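Enquirer: Before anything else, here's the structure in question.
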Amino acid sequence: MVKPLPVIDPGTAPYWQALAECRLILKSCRDCGQPHFYPREACPSCYSDNLEWKEAKGEAQVYSFTICHRPAGPAFADDVPYVVAIVQLDEGPRMMTRIDDDVRAVKIGCRVKVKFHDAGDGVVLPYFNLVSE
Amino acid sequence: MVKYEAVIAGVADEPLRDGKVVIPGSPLQVQARCAKRALAEAELTLKDVDGLFTAGMWGIPGVGQLSTVTLSEYLNIRPVVHDGTNIGGSAFVSHVAHAAHAIEEGLCEVALVTYGSTQRSEMSRNLAGRPANLTMQFETPWGLPTPVGGYALAAQRHMYEHGTMREQLAEIAVSARGWASLNPAATRRDKLTIEDVLKAPQISSPLGLLDCCLVTDGGGAIVLTRRQQASGGRKPVFIRGHGEAATHWTVAAMPDLARLTAAEMSSKRAFEIASVKHDDIDVVEVYDSFTITTLMTLEAIGFAERGRGGEFVSNGRIAPGGAFPLNTNGGGLSYAHPGMYGIFLLIEAVRQLRGEVEPERQVKNAKIALVHGTGGTLSSGSTCILSVG
């Protein structure tokens, strides 16, 4: 079974396009300076629409995680057990991701780095990997 | 000054056996049966209904998208107040409050709130998640099992920040089972121990199978009307205060995973409007989709100190005979959980306030109840404070 791929829309196309080029970009507010994720039309901090895309370093820290022993449907059955995490990017925003490592090694607070994962159909997903300290 | 005083005058739920409706039926049939019984309690009939409040997961995509429209057609009633507010399983707590407002303002006289699901009979429940469009394009592709995975992420963070233990979460499931064992209508009544919960298969760490609510059918209805019109021998139940809030649906957008912000907001407002204090509350019914939901809700509402929910629920405090009667029907963990559970919190609170439940689980002199629903993935909160007299 095929895993669900993002249904890309005009508001998110630049984000997915950048990933396809192995770049992680965030929308950022020119007025208050805050970056945010996922990309929105108005800044979630100050509600300005004076926004721009900025490159992120792709470095983050594990904010929380879960080891999935029951897959999210048959498409994920072969991956069990796998880690879905929320990571906090060094730029500030949090995003959901997969950490493709030994599931027992993942802990809250671990440093992680983006790993561009070809999901097929031209879509690249920003997985993260543990960084050895 | 409001024009009329609104009261809950009738409640009903659908009998289940092994988690399935005893009499097979579609979600529309189940809602019609419950509606008729709840109206009968209030000595009213379907033709009296002029306000309809419902949310559901039936008929989607399709007729369920216009749920009050389809349901009014099916019942052949012509409500002049429609409210299909859907903020998740908490929606019904909001429906009751919205219905009370509509009655107080004279917009309708008899409000019907309903829910129905036959997900267990149909085997239609799955963990596969939501279409990966709009906001979910940033969640669904990761394969987080829904909704359990989001609650697991919150539980993991709560454990990290506050030292909450799996044993403490397990105690919530054990306490719910204790109440269910006293409730003949509950789905799971066999004995449960903390060890059973800890040894159950892991679903999405740190949550195991017995940290999760049941998957059952279910139906319920609540009738509100003007106090003057509430006849019959049953005590009318008043809506003293309400609040609702929502913060996110994609879990990564939750403001703080160790803190239930929506419940903090909704309960604060409900307490302010009701002008009551925590110590005034006799019965508490909160949404327990997962053990962690209960724990975070108790902290958010302020019954437990922030971060100390684990200690709060320990040593049988929320179990039958404990100092803090909670989820006295067995909750979503052991009574029933038909996809959306909120209406059953209200039905149980009303029955407790009327003094109608089995003596073993009746809270003595119950005068004021707090009902709190959680919807989505710790997304929305809706709080009602109810009272008799």
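Residue numbers (the numbering used here), protein chains in the order written: chain A, 1196 to 1328; chain B, 309 to 697.
All residues carry an ideal CB built from backbone N, CA and C; glycine is no exception.
Computed from a prediction, not measured in an experiment: that's the story for all the values here.
For the stretch 458-473 of chain B, which residues have a beta carbon sitting closer than 7 Å to at least one beta carbon of chain A?
Expert: Cβ contacts with chain A come from A460, L461, Q464, R465 and Y468.
Enquirer: Use the C-beta contact count for A/R1225: other C-beta atoms within 10 angstroms, 16 or more gives buried, fewer gives exposed.
Expert: Taking the first sequence and counting its residues from 1, the one referred to as residue 1225 of chain A is at position 30. Counting Cβ neighbours within 10 Å, A/R1225 comes out exposed, since fewer than 16 surround it.
Enquirer: Tell me, please, whether the CB atom of A/I1294 is closer than 8 Å to any CB atom in chain B?
Expert: Here residue 1294 of chain A refers to the residue found at position 99 when the first sequence is read from its first residue. So no, A/I1294 is outside the interface.
Enquirer: Of all the options A/D1313, A/P1266 and A/V1309, which has the alpha carbon lying nearest to the alpha carbon of A/P1201?
Expert: Here the question's residue 1201 of chain A lines up with position 6 in the first sequence. Nearest C-alpha to A/P1201: A/D1313.
Enquirer: Taking 8 Å as the threshold, find out whether the stretch 479-489 of chain B comes into contact with the stretch 638-648 of chain B through three or more Cβ pairs.
Expert: Yes, the stretch 479-489 of chain B is in contact with the stretch 638-648 of chain B.
Enquirer: Taking DSSP as the reference, what is the three-state secondary structure of B/A677?
Expert: Here residue 677 of chain B refers to the residue found at position 369 when the second sequence is read from its first residue. Three-state DSSP puts B/A677 in a strand.
Enquirer: Since B/L379 is in the alpha helix (DSSP H), which residue starts that stretch and which ends it?
Expert: Residue numbering aside, residue 379 of chain B sits at position 71 when the second sequence is read from its first letter. It spans S375 to L383 - the alpha helix (DSSP H) in which B/L379 sits, taken as one unbroken run.
Enquirer: Give me the Cα-Cα distance between B/S429 and B/K672, rounded to the nearest whole angstrom.
Expert: Position 121 of the second sequence holds residue 429 of chain B. Position 364 of the second sequence holds residue 672 of chain B. B/S429 and B/K672: Cα-Cα distance of roughly 36 Å.
Enquirer: Contact between the stretch 1274-1282 of chain A and the stretch 466-478 of chain B is defined here as three or more beta-carbon pairs at a separation below 8 Å; is this criterion met?
Expert: Touching, no, given that fewer than three Cβ pairs across the two stretches are closer than 8 Å.
Enquirer: With a threshold of 8 Å between beta carbons, is A/F1311 in contact with chain D?
Expert: The structure shown contains no chain D; its protein chains are A and B.
Enquirer: Please report the straight-line C-alpha distance between B/T524 and A/N1245, rounded to a whole angstrom.
Expert: Taking the first residue of the second sequence as position 1, residue 524 of chain B is located at position 216. Taking the first residue of the first sequence as position 1, residue 1245 of chain A is located at position 50. Whole-angstrom Cα-Cα distance: 48 Å.
Enquirer: Let me know the secondary structure DSSP gives B/H645 once reduced to three states.
Expert: The residue labelled residue 645 of chain B in the question sits at position 337 within the second sequence. B/H645: coil per DSSP, three-state reduction.
Enquirer: Evaluate A/C1227 with the Cβ neighbour count: other Cβ atoms within 10 Å of its Cβ, from every protein chain shown; 16 or more gives buried, anything less gives exposed.
Expert: Looking up residue 1227 of chain A in the first sequence gives position 32. With fewer than 16 other Cβ atoms within 10 Å, it is exposed.
Enquirer: Expressed to the nearest angstrom, what Euclidean distance is found between the alpha-carbon atoms of A/V1275 and B/G451?
Expert: Looking up residue 1275 of chain A in the first sequence gives position 80. Looking up residue 451 of chain B in the second sequence gives position 143. Each residue's alpha carbon lies about 10 Å from the other.
Enquirer: Mind checking B/A657: buried by the 16 CB within 10 Å criterion, or exposed?
Expert: Translated into positions along the second sequence, residue 657 of chain B becomes position 349. Classification for B/A657: buried.
Enquirer: Determine whether the Cβ of B/S432 lies closer than 8 Å to any Cβ atom of chain A.
Expert: Stepping through the second sequence from its first residue, residue 432 of chain B is reached at position 124. No, B/S432 lies away from the interface with chain A (no Cβ there is under 8 Å from its Cβ).
Enquirer: I need the DSSP call for B/T289, collapsed to helix, strand or coil.
Expert: This structure gives no information on residue 289 of chain B, because the portion of chain B shown stretches from 309 to 697.
Enquirer: Buried or exposed: which applies to A/M1196, given that a residue is buried once 16 or more other Cβ atoms fall within 10 Å of its Cβ?
Expert: The residue labelled residue 1196 of chain A in the question sits at position 1 within the first sequence. Per the 10 Å Cβ criterion, exposed.
Enquirer: Quick check on this structure: which residue in B/H680, B/G618, B/E668 and B/G526 has the alpha carbon closest to the alpha carbon of B/S574?
Expert: Along the second sequence, one-based indexing puts residue 574 of chain B at 266. Among B/H680, B/G618, B/E668 and B/G526, the Cα nearest to that of B/S574 belongs to B/H680.
Enquirer: Less than 8 Å between C-beta atoms, sequence neighbours within five positions excluded: which residues of the same chain meet that for A/Y1322?
Expert: By one-based count along the first sequence, residue 1322 of chain A stands at place 127. The residues are T1292, R1293, I1294, D1295, V1309, K1310, F1311 and H1312.
Enquirer: Taking the alpha carbon of B/H556 as the reference point, which residue from B/A571, B/R542 and B/P544 has its own alpha carbon closest?
Expert: Your numbering for residue 556 of chain B matches position 248 in the second sequence. Comparing Cα positions, the closest option is B/A571.
Enquirer: At the level of alpha carbons, what is the spacing between B/A488 and A/R1235?
Expert: Position 180 of the second sequence, counting from 1, holds the residue named residue 488 of chain B. Position 40 of the first sequence, counting from 1, holds the residue named residue 1235 of chain A. Computed Cα separation, rounded: 45 Å.
Enquirer: Expressed to the nearest angstrom, what Euclidean distance is found between the alpha-carbon atoms of A/L1325 and A/V1257?
Expert: As a working mapping, residue 1325 of chain A is identified with position 130 in the first sequence. As a working mapping, residue 1257 of chain A is identified with position 62 in the first sequence. In a straight line, the C-alpha of A/L1325 is about 9 Å away from that of A/V1257.
Enquirer: Using a threshold of 8 Å, state whether the C-beta atoms of B/V338 and B/E322 are closer than that.
Expert: Residue mapping note: residue 338 of chain B aligns to position 30 of the second sequence, counting from 1. Residue mapping note: residue 322 of chain B aligns to position 14 of the second sequence, counting from 1. Contact flag set, yes.
Enquirer: Excluding sequence positions up to five away, which residues of its chain have a Cβ less than 6 Å from the Cβ of A/Y1277?
Expert: As a position in the first sequence, residue 1277 of chain A is number 82, starting the count at 1. Excluding residues within five positions, the ones whose Cβ falls inside 6 Å are C1263.
Enquirer: I'd like to know whether the C-beta of B/L565 is nearer than 8 Å to at least one C-beta of chain A.
Expert: As a first step, residue 565 of chain B must be located in the second sequence, where it is residue number 257. At least one chain A Cβ lies under 8 Å of B/L565.
Enquirer: Mapping the DSSP letters down to three states, classify B/H556 as helix, strand or coil.
Expert: Position 248 of the second sequence, counting from 1, holds the residue named residue 556 of chain B. Note: B/H556 maps to coil in three-state DSSP.
Enquirer: Verify the CB distance criterion: does B/A560 have a CB-CB separation below 8 Å to chain A?
Expert: Walking along the second sequence from the start, residue 560 of chain B turns up at place 252. Interface residue, yes.
Enquirer: Are the stretch 597-613 of chain B and the stretch 452-461 of chain B in contact at 8 Å, needing three or more beta carbon pairs?
Expert: The stretch 597-613 of chain B vs the stretch 452-461 of chain B: in contact.
Enquirer: Along the chain, where does the beta strand (DSSP E) containing A/M1291 start, and where does it finish?
Expert: Mapped onto the first sequence, residue 1291 of chain A falls at position 96. R1289 to I1294 is the extent of the beta strand (DSSP E) around A/M1291.
Enquirer: Starting from the C-beta of B/K499, find all residues in its chain whose C-beta is less than 8 Å away, skip the five residues before and the five after it, and write them out in chain order.
Expert: Residue mapping note: residue 499 of chain B aligns to position 191 of the second sequence, counting from 1. If we look at B/K499 and ignore the five residues flanking it on each side, its Cβ neighbours are R485 and S489.
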